[in-house]
Each structure stands twice: as C-alpha cells, then as structure tokens.
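Okay, so the sequence shown: first residue is 5 according to the numbering used here, each after it adds one.
Just so you know, even glycine gets a beta-carbon here, dropped at the ideal spot from N, CA and C.
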Amino acid sequence: MIEKGSCDDLDRDVATKYTKLEEKIQSLWDKYMGNEVTTSHFLKSVSRLYGPSNNMTADLVVGLSGE
Numbered sequence: 005m006i007e008k009g010s011c012d013d014l015d016r017d018v019a020t021k022y023t024k025l026e027e028k029i030q031s032l033w034d035k036y037m038g039n040e041v042t043t044s045h046f047l048k049s050v051s052r053l054y055g056p057s058n059n060m061t062a063d064l065v066v067g068l069s070g071e
C-alpha cells in the first residue's frame, strides 16, 4: 500500500516538472514572438522538450522497435 505522503510527494514532483516544462515553452514562445528564433528552431526545441530523454534510444521507446 502506498502511503498518502508518498502520493503527495509524487504529485508535487510531477507538478514541478510540468511547471518547468511550461516555463521553458513560454520562454521559447517569447523568443519566437520577438523574432529572436526561427519557426524551425522553435518547433525543434519544443519537440525536444516533449520527446524522450537523451539516454533513450528508438529501440527503448514503446512502439518504435517493431513490437
């Protein structure tokens, strides 16, 4: 059984990660709207934020290894 404190900690960790993600996306959007970055740079950067982490390979990502 998972204790309530553990669930609260997990919820807090998830919320923190999404807050940081939203801040990065907002920063990129502001740079894009200020013509500091190109559309391609903006889209590639956002896709990297939403993509798998650098330590994952295509074979480890479910659905990409032909499984």
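Would residue i and residue j qualify as a contact pair, given that the criterion is a beta-carbon distance under 8 Å?
i, j, result
"leucine 53", "lysine 21", "no"
"leucine 32", "phenylalanine 46", "yes"
Spatial neighbours of residue i within its chain, please: CB distance less than 7 Å, with the 5 preceding and 5 following residues excluded, ordered by chain position.
i, result
"lysine 73", "As displayed, the chain neither begins before 5 nor continues past 71, which places residue 73 out of reach and without an answer."
"serine 10", "none"
Give every residue of the same chain whose Cβ lies closer than 6 Å to the Cβ of residue i, excluding the five residues on either side of it in the sequence, and list them in chain order.
i, result
"glycine 55", "none"
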